[in-house]
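Novice: My questions will all concern the structure given below.
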Ligand code: COA
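Here is the structure:
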């Protein structure tokens, strides 16, 4: 167990859990939290005993993450601050995508805005039946800034991505499953067990092949097929 301020990193080889830990603010994302997620991934990057990483909120929290902490957006907004926040956010998110081991987003509750962007950068999303997902940024007069506009298209297609991004509505887990945004919807009482067994099954896979499968799929979508 390593101490951080806004996340908890729990090693439980062959698994490791990154627990977003600001429950009083629905695990909303601050620069500190993003730095800590990034550091935790660095620590796990070449940890030989850890084969799979799971990102989640704390047990009993109402959210995986309700997105960026908008309280930091108040006061006289400084474009440069916004830019820095955004760059750091994009870097943390793309680190998940480049992380050489499978990463699972275990969603119980809200996964909104930046929370959904983190979940979409993960390789798999498992959600409880009470979960709600969405990109509500448009309601604040902004757009998803950490890859949501791009990754969402890849999961659900242009039409549905535009609907989610341009209306900013939340959808329930069942609907998210129907459109391909989550891989599994599970009853809340079975959440822990389902996530763990999904992760342990991956952990038994061949690690190098899993890394290359992940990279080929993630980066292959960014180039023509034969280059991919
Ligand atoms: N940033 C900062 N604080 C947030 C937040 C955010 N994005 N989302 C929720 N909170 C805070 C609320 O202010 C509240 O704090 P308080 O208890 O000190 O008043 C607490 O988290 C609980 O939220 P609340 O709105 O009271 O809960 P709810 O059940 O009525 O609604 C949501 C939950 C998630 C639907 C609602 O909070 C919401 O829509 N949040 C904004 C989500 C968003 O726009 N994210 C993208 C930001 S770019």
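In the numbering used here, the protein residues as written are 1 to 228. Here a beta-carbon is modelled for each residue, glycine too, at the ideal position from N, C-alpha and C.
1) Please find out if some non-hydrogen atom of ligand 1 comes closer than 7 Å to the beta-carbon of residue 110.
2) Just verifying my parser: in three-state terms, what is the DSSP assignment at residue 65?
3) Is it buried or exposed for residue 159, if we count other Cβ within 10 angstroms and need 16 for buried?
4) CA-CA distance, residue 206 and residue 103?
5) Beta carbon of residue 117, beta carbon of residue 161: below 8 Å?
6) Expressed to the nearest angstrom, what Euclidean distance is found between the alpha-carbon atoms of residue 112 and residue 228?
7) Alpha carbon to alpha carbon, what distance is there between residue 139 and residue 178?
8) Please classify residue 221 as buried or exposed, where buried requires at least 16 other C-beta atoms within 10 Å of its C-beta.
9) Near residue 214, which residues of its chain fall below 7 Å by C-beta distance, leaving aside the five closest residues on each side in sequence?
10) Suppose only complete runs of 4+ residues qualify. What are the alpha helix (DSSP H) ranges in the stretch 188-224, listed by chain order?
11) Does the Cβ of residue 189 have 16 or more other Cβ atoms within 10 Å, making it buried, or fewer, making it exposed?
12) With DSSP as the reference, label residue 99 as helix, strand or coil.
13) DSSP on residue 71, reduced to helix/strand/coil?
14) To the nearest angstrom, how far is it from the Cα of residue 29 to the Cα of residue 208?
15) What residue range is occupied by the uninterrupted beta strand (DSSP E) comprising residue 128?
16) Can you tell which of 82, 61, 46 has the C-alpha that lies nearest to the C-alpha of residue 142?
17) So, for residue 169: in the same chain, excluding its five sequence neighbours on each side, which residues have a beta-carbon less than 7 Å away from its beta-carbon?
18) Taking the runs of the alpha helix (DSSP H) that are 4 residues or longer, which of them lie wholly in the stretch 104-178?
Specialist: With the given structure in hand:
1) For ligand 1, at least one heavy atom lies less than 7 Å from the Cβ of residue 110.
2) DSSP, read as helix, strand or coil, puts residue 65 in strand.
3) With fewer than 16 other Cβ atoms within 10 Å, it is exposed.
4) Looking at the backbone, the Cα of residue 206 and that of residue 103 are separated by about 15 Å.
5) Result no, Cβ atoms of residue 117 and residue 161 do not sit closer than 8 Å.
6) Rounded to whole angstroms, the gap between the alpha carbons of residue 112 and residue 228 is 31 Å.
7) If you take the alpha carbons of residue 178 and residue 139, they lie about 24 Å apart.
8) Exposed, by the Cβ-count rule.
9) Cβ neighbours of residue 214 within its own chain (closer than 7 Å, five residues either side excluded): 102, 123.
10) Segments of the alpha helix (DSSP H) lying fully in the stretch 188-224: 191-203, 207-220.
11) Only exposed fits residue 189, as fewer than 16 other CB atoms lie within 10 angstroms of its CB.
12) The answer is coil: DSSP assigns residue 99 none of H, G, I, E or B.
13) Look at residue 71 here: in three-state DSSP terms it is helix.
14) Looking at the two C-alpha atoms, the distance is approximately 32 Å.
15) Going by DSSP, residue 128 is part of the beta strand (DSSP E) stretching over 124-128.
16) Distances from the CA of residue 142 to each of 82, 61, 46 were compared; the closest alpha carbon is that of 82.
17) Excluding sequence neighbours, residue 169 sits near 134.
18) Those alpha helix (DSSP H) runs which fall completely within the stretch 104-178 and span 4+ residues are 114-121, 148-156, 158-167, 173-178.
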